[in-house]
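Colleague:
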Amino acid sequence: MSDLDLSIESPSFGLPDPLVFTDAAAQKVKTLIDEEENEALKLRVFVSGGGCSGFQYGFTFDENVDGADTAVENAGVTLLVDPISYQYLAGAEIDYTEGLEGAQFVIRNPNASTTCGCGSSFSV
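Position one of the sequence shown corresponds to residue 219 (the working numbering), numbered consecutively onward.
(1) Would you grab the beta carbon distance between residue 279 and residue 261 for me? Rounded to a whole angstrom, and I think it's under 8 Å.
(2) Could you check which residue in 276, 273, 242 and 295 has the C-alpha nearest to that of residue 256?
(3) Which class does residue 290 belong to by DSSP, given the choice of helix, strand or coil?
(4) What are the start and end residues of the beta strand (DSSP E) that includes residue 266?
(5) Is residue 319 helix, strand or coil when you go by DSSP?
(6) What is the DSSP secondary structure of residue 227, reduced to helix, strand or coil?
(7) Considering only the alpha carbon of each residue, which of 285, 267 and 293 lies closest to residue 249?
(8) Kindly give me the distance between the Cβ atoms of residue 307 and residue 265, rounded to whole angstroms, as I take these residues to be in contact under 8 Å.
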């Protein structure tokens, strides 16, 4: 018998990379949800036009999940992204940091070709 390579590679079929919702971000969101005393809340991350670079990130709490939303869970917390925003956020990492500049949610986005100094505005 000859040696046959029977390994199967799963093609991505053009699907964008998943979002990364870090442990630090999930823990901070969990703390904020606990303070609101509403376990139905989920963190929605979105992209809108504006800012000094053309697009800007936004964060809000939402109780509603649209059927087209992408949902990412970590530590019992759900992050939601609508389909339009997902095109700009595919492969991004949503993190929470505390440092000399203060505490803030940070998005590390591989799709952003430029970002502004504030970190909340970008272009593709």
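Glycine residues also receive a C-beta, built at the ideal position from the N, C-alpha and C atoms.
A quick note: this is a predicted structure, and the numbers were derived from the prediction, not measured.
Modeller: If we stick to the structure as given:
(1) Position 61 of the sequence shown holds residue 279. Position 43 of the sequence shown holds residue 261. Residue 279 to residue 261, Cβ: 6 Å. Contact.
(2) In the sequence shown, the residue the question calls residue 256 occupies position 38. Nearest C-alpha to residue 256: 295.
(3) The residue given as residue 290 occupies position 72 in the sequence shown. Residue 290: strand per DSSP, three-state reduction.
(4) Counting from 1 along the sequence shown, the entry for residue 266 is found at position 48. Counting along the chain, the beta strand (DSSP E) containing residue 266 begins and ends at 260-267.
(5) Walking along the sequence shown from the start, residue 319 turns up at place 101. Coil, per DSSP.
(6) Here residue 227 refers to the residue found at position 9 when the sequence shown is read from its first residue. For residue 227, the predicted structure reports a pLDDT of 41, less than 50, and the residue's modelled location is therefore unreliable. A value from the coordinates is still provided. In the structure shown, residue 227 sits in coil (DSSP, three-state: anything other than H, G, I, E or B).
(7) Mapped onto the sequence shown, residue 249 falls at position 31. Nearest C-alpha to residue 249: 293.
(8) For the purposes of this step, residue 307 is taken as the residue at position 89 of the sequence shown. For the purposes of this step, residue 265 is taken as the residue at position 47 of the sequence shown. Yes, residue 307 and residue 265 are in contact; Cβ-Cβ is about 7 Å, under 8 Å.
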